[in-house]
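For reference, the structure discussed in these notes is given below.
Protein chains: 2
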Amino acid sequence: MTPVRPAFAPWLATTNNITAGFLAAGPNLINMAGGLPAPETFPAEELAEIAAAVVRDNPGQALGYSPVDGLPALRDLLAARFSTEGLRLTRENVLVTTAGMQGLDLLGKVLLTPGQVIAAQFPTYLGAIDAWRMHAPVYRSFAPDDNALDPEVVLAGAQFGYMVPNFSNPTGRLVGVGLRRRMVEAAHRTGTWLVEDDPYGTLQYDGVALPRMITLSGAMGDEGPYDGPVIYMGTLSKEIVPGLRIGWVIAGPAMIRAMAAAKQGSDMCTGGLTQGIALRALQGGLMERTQPGVIALYRARRDALCDAMATHLAPWFDWETPVGGMFVWAVARDPAFDTDRLLGLALKAGVCVTPSSVFDPAGGYRRAIRINFTLNAPDRLAEGVRRLAVAAAELQAGGA
Amino acid sequence: MTPVRPAFAPWLATTNNITAGFLAAGPNLINMAGGLPAPETFPAEELAEIAAAVVRDNPGQALGYSPVDGLPALRDLLAARFSTEGLRLTRENVLVTTAGMQGLDLLGKVLLTPGQVIAAQFPTYLGAIDAWRMHAPVYRSFAPDDNALDPEVVLAGAQFGYMVPNFSNPTGRLVGVGLRRRMVEAAHRTGTWLVEDDPYGTLQYDGVALPRMITLSGAMGDEGPYDGPVIYMGTLSKEIVPGLRIGWVIAGPAMIRAMAAAKQGSDMCTGGLTQGIALRALQGGLMERTQPGVIALYRARRDALCDAMATHLAPWFDWETPVGGMFVWAVARDPAFDTDRLLGLALKAGVCVTPSSVFDPAGGYRRAIRINFTLNAPDRLAEGVRRLAVAAAELQAGGA
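Protein chains in written order, with the numbering used here: chain A, 105 to 504; chain B, 105 to 504.
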């Protein structure tokens with residue numbers, strides 16, 4: 105007889121099982137669901153040499169405990185990299201994190217208690233929803249393309265605003281400089297924290313980079329080191345490789361200290377080996393050397409996906425070609441189209457994409473899908489889209 | 105004019121600043137506070153070669169995203185390593201974590217809501233208190249050396265029990281096999297989860313290893329894969345090096361799945377590079393080759409510390425020589441001796457140790473200190489103890 109075990113925390117009943125669903129699919133599945141980079145872009149030989157050199161040159165630093173807030177040299181490099189004339193950053197503005205996801209986790213730990221408000225762009229990155237789920241927040245959703253948007257109304261009374269201004273996950277949309285500035289001004293006026301989550305900023309295929317919100321915020325502050333309301337989050341996962349699990353938060357010193365206190369109880373420190381590799385790779389210009397090839401590859405894949413979609417998916421979906429990032433967001437023309445059901449049929453047809461419901465904090469929005477174009481070669485993308493069209497036709501014929 | 109920022113979560117007001125205090129001390133400080141390994145024990149050349157080989161041989165695995173619950177081969181290896189005749193483990197019993205601390209964080213996330221009870225051995229590992237602070241638990245403390253201890257009374261109604269049976273942090277005490285068995289039996293009878301936190305198990309200097317609590321629990325269960333109440337946590341930080349940030353949780357499949365769901369929103373996955381290094385190092389017997397030298401070195405340092413303590417600290421403190429681990433726990437003879445105040449004087453004298461207040465969830469126990477012996481060579485340990493005696497004499501003379 106087994107006695108009753110203590111109950112799990114209530115938030116566990118609300119987690120998504122989308123990942124488990126994908127893993128249960130067969131080996132011939134074309135995976136267009138995740139935000140995965142193309143492994144052929146990984147600079148393996150350079151990273152192998154750097155890894156060995158980092159251990160040999162300073163084993164105490166590479167293999168021992170690191171400071172909770174990160175290796176000082178890496179914090180200094182990141183502060184210099186993101187500084188501009190109007191944005192003055194020092195080491196105290198930088199926290200090294202165990203990849204971008206940890207920044208979201210630490211943010212929830214230091215700012216959320218149950219029932220507090222997050223003003224989040226809708227649809228919202230699944231990982232952010234996952235990270236904050238345990239704190240039972242209330243979401244105040246806003247659409248960045250809503251012409252009637254009033255940033256002060258959006259931010260007032262929230263613990264923080266959350267945006268992915270560059271090639272948003274999931275929509276791939278670029279937030280224009282006008283709205284960036286208005287959101288930052290509203291954050292300065294209301295005092296509300298404003299999270300600028302920017303994993304995709306360097307993956308731009310057309311046009312020129314827009315100013316970061318933290319840069320705009322810096323120009324609105326005084327002469328000292330940055331102490332404004334924007335909390336900027338970046339990662340090496342898309343710039344170099346995800347397997348290093350290196351990310352960073354740039355914010356005012358009080359926020360950095362709070363998040364470091366939370367990190368102390370989360371994983372103590374990010375590893376010295378991976379931080380050392382990141383430091384040397386960034387110092388040596390690895391990102392600048394590899395990025396042009398990555399961008400050319402991904403631009404061609406984006407175009408291949410959009411071409412195939414035009415051929416096969418136009419009867420059911422509308423979409424815009426994204427100027428950057430990893431995803432195309434396709435919205436069904438029929439408001440009653442159910443992409444949760446589409447996913448079931450798509451898996452049977454041998455393809456997976458991500459249904460919009462997981463990007464809705466309330467789970468009810470089932471009209472769109474997110475399609476990744478970075479992982480697969482053009483012929484696989486075309487075949488995946490063909491399979492997706494089969495599933496869409498079956499759904500409309502009353503299947504599932 | 106800066107508007108008021110949203111408040112930080114209340115738990116942040118309760119964090120310890122012990123680490124910041126140490127960092128503020130001067131460069132001549134002898135650090136006997138942290139649980140730091142001796143860097144000269146790090147197998148740097150072997151790990152440099154392994155790191156490069158892991159990247160070259162399988163760049164997709166080393167540099168890409170890993171499964172949330174860990175590399176299957178590493179989970180299989182750990183399952184095999186901890187299996188015994190009575191304890192049947194499969195991959196589903198193992199979660200790879202970003203070092204031991206993350207196991208404690210994930211445990212809090214899946215089991216704690218404010219006001220719930222943790223039955224924790226007293227004094228309690230500071231990192232565990234840190235990891236669970238944000239959940240505002242209620243501590244039911246128990247002393248493993250209390251002869252009147254009733255394990256069922258201790259565990260009944262708690263979400264989990266927490267023990268470090270091997271060379272406990274901070275006391276260095278070994279929990280005997282009798283109490284291990286009684287605690288496990290009580291966990292089976294009450295249903296309460298029982299955490300066996302075991303970072304120091306391989307660092308034993310005298311005598312033979314005692315059976316793990318999860319091994320005792322396995323023998324009480326049925327024929328299938330382990331599904332009992334013990335949650336075992338281990339780490340490579342003390343067995344090989346801390347800089348890899350690799351740890352593991354071994355538990356029943358439902359607990360592993362819950363903790364993996366929490367890990368998904370914490371850091372998505374542990375890096376493929378460091379998991380690959382851990383896998384190859386364990387497969388190649390690196391731990392078995394390096395451990396004898398580490399144990400000989402640390403045994404000599406333990407003896408050097410205890411000799412110096414006998415010479416200099418006997419007027420003020422009592423202690424036992426630990427048979428393993430990294431620490432000596434010294435309790436003041438005078439119940440009014442205040443080790444928080446001692447620390448201030450010790451820092452001025454050029455040495456730091458950890459005061460007992462940080463190991464008390466309520467913060468009030470100020471009669472003891474934890475002294476680390478693994479980081480420093482014998483002459484530094486002796487000098488550190490001499491400085492500590494200067495501080496103790498000054499405290500008793502009315503200083504601070």
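Note that beta-carbon positions come from the ideal geometry of N, C-alpha and C, so glycine has one too. It should be emphasised that the depicted structure is a prediction, and the values quoted were computed from it without experimental measurement.
- Query: Hey, is B:Ala152's beta-carbon within less than 9 Å of any beta-carbon in chain A?
  - Reply: Position 48 of the second sequence, counting from 1, holds the residue named residue 152 of chain B. Chain A, which has a Cβ nearer than 9 Å to the Cβ of B:Ala152, makes this yes.
- Item | Reduced DSSP secondary structure (H/G/I, E/B, other) of B:Tyr402 | By 1-based counting over the second sequence, the position of residue 402 of chain B is 298. Helix at B:Tyr402.
- Query: Roughly how many angstroms lie between the CA atoms of A:Arg284 and A:Arg316, to the nearest whole one?
  - Reply: On the first sequence, position 180 is the one that residue 284 of chain A refers to. On the first sequence, position 212 is the one that residue 316 of chain A refers to. Roughly 8 Å separates the two Cα atoms.
- In whole angstroms, what separates the C-alpha of A:Ala418 from that of A:Val268? On the first sequence, residue 418 of chain A is found 314 positions in, with the first residue counted as 1. On the first sequence, residue 268 of chain A is found 164 positions in, with the first residue counted as 1. If I take the Cα positions, the gap works out to 27 Å.
- Burial state of B:Ala111, where buried means 16 or more other Cβ atoms lie within 10 Å: Here the question's residue 111 of chain B lines up with position 7 in the second sequence. Exposed, by the Cβ-count rule.
- Query: Would DSSP call A:Asp302 helix, strand or coil?
  - Reply: Taking the first residue of the first sequence as position 1, residue 302 of chain A is located at position 198. Note: A:Asp302 maps to coil in three-state DSSP.
- Message: List, from N- to C-terminal side, the alpha helix (DSSP H) runs of 4 residues or more that fit wholly inside the stretch 330–355 of chain B.
- Response: none
- Could you please give the first and the last residue of the uninterrupted alpha helix (DSSP H) stretch that includes B:Leu386? Numbered from 1 along the second sequence, position 282 holds the residue referred to as residue 386 of chain B. Unbroken alpha helix (DSSP H) run through B:Leu386: Gly376 to Gln387.
- Task: Assign A:Val108 to buried or exposed, taking buried as 16 or more other Cβ atoms, counted over all protein chains shown, within 10 Å of its Cβ.
- Result: Here residue 108 of chain A is taken as the residue at index 4 of the first sequence, counted from 1. A:Val108 comes out exposed.
- What residues of chain A sit near B:Phe146, judged by a beta carbon separation below 8 Å? For the purposes of this step, residue 146 of chain B is taken as the residue at position 42 of the second sequence. Within chain A, the residues near B:Phe146 are Pro163, Gly164, Leu167 and Gly168.
- Are the C-beta atoms of A:Val334 and some chain B residue less than 9 Å apart? Within the first sequence, residue 334 of chain A is the residue found at index 230, counting from 1. No, its Cβ sits nowhere closer than 9 Å to a Cβ of chain B.
- Specify, as a first and last residue, the run of the beta strand (DSSP E) that B:Arg244 falls within. In the second sequence, residue 244 of chain B corresponds to position 140, counting from 1. That run of the beta strand (DSSP E) goes Val242 to Phe246.
- Can you give the Cα-Cα distance for B:Ile338 and A:Lys452, rounded to whole angstroms? Your numbering for residue 338 of chain B matches position 234 in the second sequence. Your numbering for residue 452 of chain A matches position 348 in the first sequence. Reading off the sequence shown, one finds Gly at residue 338 of chain B, where the question assumed Ile. Near 40 Å, if we compare the C-alpha coordinates of A:Lys452 and B:Gly338.
- Task: Note the first and the last residue of the continuous beta strand (DSSP E) segment covering A:Met372.
- Result: Locating residue 372 of chain A in the first sequence gives position 268, counting from the first residue. Run containing A:Met372: none; DSSP gives neither H nor E here.
- Near B:Gly212, which residues of its chain fall below 7 Å by C-beta distance, leaving aside the five closest residues on each side in sequence? Walking along the second sequence from the start, residue 212 of chain B turns up at place 108. So the list reads Ala235, Trp236 and His239, once near-sequence residues are dropped.
- Near B:Ala137, which residues of its chain fall below 7 Å by C-beta distance, leaving aside the five closest residues on each side in sequence? Here the question's residue 137 of chain B lines up with position 33 in the second sequence. Same-chain partners within the cutoff: Phe126, Cys456, Val457, Thr458 and Asn476.
- Query: Between A:Cys373 and chain B, is there a C-beta pair that is closer than 9 Å?
  - Reply: One-based indexing of the first sequence puts residue 373 of chain A at position 269. Yes, A:Cys373 lies at the interface with chain B (some Cβ there is under 9 Å from its Cβ).
- Can a CB atom of chain A be found closer than 9 Å to the CB of B:Gly347? Stepping through the second sequence from its first residue, residue 347 of chain B is reached at position 243. Yes, B:Gly347 lies at the interface with chain A (some Cβ there is under 9 Å from its Cβ).
- Item | Buried or exposed (CB count within 10 angstroms, at least 16 for buried), A:Val281 | Position 177 of the first sequence, counting from 1, holds the residue named residue 281 of chain A. Answer is exposed; the Cβ neighbour count stays below 16.
- Query: Out of A:Thr319, A:Ala184 and A:Arg405, which has the shortest C-alpha to C-alpha gap to A:Thr194?
  - Reply: In the first sequence, counting from the first residue as 1, residue 194 of chain A sits at position 90. For the residues A:Thr319, A:Ala184 and A:Arg405, the minimum Cα distance to A:Thr194 belongs to A:Ala184.
- Using a cut-off of 9 Å between C-beta atoms, extract the partners of B:Gly295 located in chain A. Walking along the second sequence from the start, residue 295 of chain B turns up at place 191. In chain order: Thr106, Pro107, Val108, Arg109 and Pro110.
- Query: Looking only at C-alpha atoms, which of B:Gly265, B:Pro303, B:Pro357 and B:Asp173 sits nearest to B:His292?
  - Reply: Counting from one through the second sequence, the residue named residue 292 of chain B turns up at place 188. Considering only alpha carbons, the answer is B:Gly265.
- Item | Status (buried if at least 16 other CB within 10 Å, exposed otherwise) for A:Val242 | Taking the first sequence and counting its residues from 1, one reaches residue 242 of chain A at position 138. By the 10 Å Cβ count, A:Val242 comes out exposed.
- Query: Whose CA, out of A:Ser461, A:Pro143 and A:Gln395, lies closest to the CA of A:Thr228?
  - Reply: Numbered from its first residue, the first sequence carries residue 228 of chain A at position 124. For the residues A:Ser461, A:Pro143 and A:Gln395, the minimum Cα distance to A:Thr228 belongs to A:Ser461.
- Query: Which chain E residues sit within Cβ distance under 8 Å of B:Met205?
  - Reply: Checking the listed chains, one finds no chain E in this structure; the protein chains it contains are A and B.
- So, are the CB atoms of A:Ala355 and A:Val334 less than 9 Å apart? The count along the first sequence starts at 1 and reaches residue 355 of chain A at position 251. The count along the first sequence starts at 1 and reaches residue 334 of chain A at position 230. Cβ distance < 9 Å, so A:Ala355 and A:Val334 count as in contact.
- Message: Residues in the same chain with beta-carbon distance under 6 Å from B:Tyr336, minus the five sequence neighbours each way, listed in chain order, please.
- Response: On the second sequence, residue 336 of chain B is found 232 positions in, with the first residue counted as 1. Within the same chain, B:Tyr336 has close Cβ partners Glu300, Ile318 and Ile354.
- Report buried or exposed for B:Asn480, applying the criterion of at least 16 other Cβ atoms within 10 angstroms of its Cβ. Walking along the second sequence from the start, residue 480 of chain B turns up at place 376. Counting Cβ neighbours within 10 Å, B:Asn480 comes out buried, since at least 16 surround it.
- Sort A:Asp371, A:Gly190 and A:Gly174 by Cα distance to A:Asp326 and report the nearest one. The count along the first sequence starts at 1 and reaches residue 326 of chain A at position 222. Comparing Cα-Cα distances from A:Asp326 to each of A:Asp371, A:Gly190 and A:Gly174, the minimum goes to A:Gly190.
- Task: Have a look at A:Thr394, A:Gly174 and A:Trp297 and flag the residue whose alpha-carbon is nearest the alpha-carbon of A:Gly332.
- Result: Looking up residue 332 of chain A in the first sequence gives position 228. Looking at the Cα atoms, A:Trp297 is the closest of the given residues.
- Using the DSSP secondary-structure output, state which residues sit across from B:Pro357 in a beta bridge. The residue given as residue 357 of chain B occupies position 253 in the second sequence. Paired residues: none, contrary to the question.
- Report, in whole angstroms, the separation of the C-beta atoms of B:Thr443 and B:Arg470, which I expect to be a contact under 8 Å. The residue given as residue 443 of chain B occupies position 339 in the second sequence. The residue given as residue 470 of chain B occupies position 366 in the second sequence. About 5 Å; that satisfies the 8 Å criterion.
- Item | Between the CA atoms of A:Arg490 and A:Gly502 - distance to the nearest angstrom | Here residue 502 of chain A is taken as the residue at index 398 of the first sequence, counted from 1. Here residue 490 of chain A is taken as the residue at index 386 of the first sequence, counted from 1. Computed Cα separation, rounded: 19 Å.
- Where does A:Gly139 sit, in a helix, a strand or coil, going by DSSP? Reading the first sequence from its first residue, position 35 is the one you call residue 139 of chain A. Of the three classes helix, strand and coil, the one that applies to A:Gly139 here is coil, per DSSP.
- Query: Taking the continuous alpha helix (DSSP H) assigned at A:Ala232, which residues delimit it?
  - Reply: The residue given as residue 232 of chain A occupies position 128 in the first sequence. Per DSSP, A:Ala232 belongs to the alpha helix (DSSP H) from Leu230 to Trp236.
- Item | Cutoff 6 Å; reference B:Arg286; Cβ partners in own chain excluding five residues on either side | Residue 286 of chain B sits at position 182 when you count from the first residue of the second sequence. Within the same chain, B:Arg286 has close Cβ partners Pro255.
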